[in-house]
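In the working numbering, the protein residues as written are 1 to 257.
Backbone N, C-alpha and C define an ideal beta-carbon position, used for all residues, glycine too.
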Amino acid sequence: MTLDKVVQRPADAVADIPNGAALAVGGFGLCGIPMVLIDALLAQGADELSVVSNNCGVDDWGLGLLLAAGRIRKMTSSYVGENREFARRYLTGELELELTPQGTLAEKLRAGGAGIAAFFTQTGVGTAVAEGGLPQRHAADGSVLVASEPKRVETFTVRGEPREFVLEEAITTDFALVHAAQGDAHGNLVFDKSARNFSPLAAMAGRVCIAEVEELVDVGDLDPDAIHLPGIFVDRVVVVGRDVEKRIERRTVREVN
């Protein structure tokens, strides 16, 4: 592997993503999403994708564009809201959904990147997450066609108290797509504030990580203590510039008189 990981065009960076690929995609809502790479993948034409991401964007932006084009077969997410097409496709059987608690999803991605096969967590114990029965695919008439299977539950003693934990398997994917504020040619990345969210974890989980960066700096310019994701996890870097469009999912401010 060359140390210079810069790819000149987004189209070239995603050119080898095949039909049926599994993708881990960074971002939370519309914050920190790799929109340029998503657009490039939309143009590239890959189909039947299995995507792991906190949510699926909105109807006209982010992963919602791939969904509206019918290119996503399955979503592994923690949140369905803000995207009517996501809900519609799920309820009519056009989309498979593995609904996962948000913290568990983050840890499944981190564990996959760290080479940990599975882990026990208290999250989901006593619910359908552990006991099974969560609808994963509906029939066209809205009935449940496929439901989640029960998961293994074990009791461990924590601080002298027996507690139940559910076994969750790690997630690894074929590719990962992330957006960063800064990066260098070796793939070291810095994310901007809350845009950091799921991105380092998604990057770790992907066997091939493709990062779009707003600013490419010289190798050595980044303070090692300020690097959020080391380049060992990154395979390709595409410079998209600081003027890349960023949308706000929901405004919560009021007008000042």
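Would you tell me roughly how many angstroms separate the C-alpha atoms of residue i and residue j, rounded to the nearest one?
i           : j           : result
residue 75  : residue 105 : 12 Å
residue 20  : residue 160 : 47 Å
residue 135 : residue 88  : 14 Å
residue 244 : residue 28  : 17 Å
residue 128 : residue 12  : 42 Å
residue 42  : residue 100 : 26 Å
residue 200 : residue 22  : 17 Å
residue 58  : residue 84  : 8 Å
residue 124 : residue 209 : 30 Å
residue 92  : residue 30  : 25 Å
residue 246 : residue 120 : 37 Å
residue 44  : residue 115 : 31 Å
residue 65  : residue 39  : 8 Å
residue 182 : residue 234 : 13 Å
residue 165 : residue 154 : 5 Å
residue 118 : residue 152 : 11 Å
residue 249 : residue 54  : 14 Å
residue 137 : residue 71  : 16 Å
residue 26  : residue 140 : 31 Å
residue 90  : residue 130 : 21 Å
residue 86  : residue 24  : 17 Å
residue 162 : residue 180 : 42 Å
residue 205 : residue 251 : 31 Å
residue 214 : residue 255 : 30 Å
residue 238 : residue 169 : 31 Å
residue 185 : residue 230 : 12 Å
residue 142 : residue 94  : 11 Å
residue 158 : residue 126 : 18 Å
residue 82  : residue 60  : 11 Å
residue 203 : residue 236 : 11 Å
residue 102 : residue 108 : 10 Å
residue 207 : residue 253 : 40 Å
residue 17  : residue 46  : 7 Å
Is it buried or exposed for residue i, if we count other Cβ within 10 angstroms and need 16 for buried?
i           : result
residue 122 : exposed
residue 156 : exposed
residue 257 : exposed
residue 232 : exposed
residue 110 : buried
residue 112 : buried
residue 221 : exposed
residue 196 : buried
residue 67  : buried
residue 242 : exposed
residue 133 : exposed
residue 212 : buried
residue 218 : exposed
residue 62  : buried
residue 14  : buried
Taking the continuous beta strand (DSSP E) assigned at residue i, which residues delimit it?
i           : result
residue 135 : 135-138
residue 211 : 206-217
residue 76  : 72-77
residue 236 : 236-239
In the DSSP assignment, find the alpha helix (DSSP H) that holds residue i and state where it starts and stops.
i           : result
residue 230 : Per DSSP, residue 230 belongs to no alpha helix (DSSP H) and is neither H nor E.
residue 177 : Residue 177 -> not in any alpha helix (DSSP H); beta strand (DSSP E) instead, spanning 173-184.
Item to check | the stretch 6-16 contacting the stretch 188-199, beta-carbon criterion three pairs below 8 Å | outcome: no
Item to check | Touch test, the stretch 33-53 against the stretch 70-85, Cβ-Cβ under 8 Å, three pairs minimum | outcome: yes
Next on the checklist: With three or more beta-carbon pairs closer than 8 Å as the criterion, would you say the stretch 136-154 touches the stretch 174-187?
Outcome noted: no
Item to check | the stretch 219-233 contacting the stretch 25-43, beta-carbon criterion three pairs below 8 Å | outcome: no
Item to check | Start-end ranges of the beta strand (DSSP E) lying completely within the stretch 91-171, minimum 3 residues | outcome: 96-99, 118-121, 135-138, 144-147, 153-158, 161-169
Next on the checklist: Quick check for students: name the residue ranges of the beta strand (DSSP E) that lie wholly in the stretch 14-65, counting only runs of 3 or more.
Outcome noted: 22-25, 49-52
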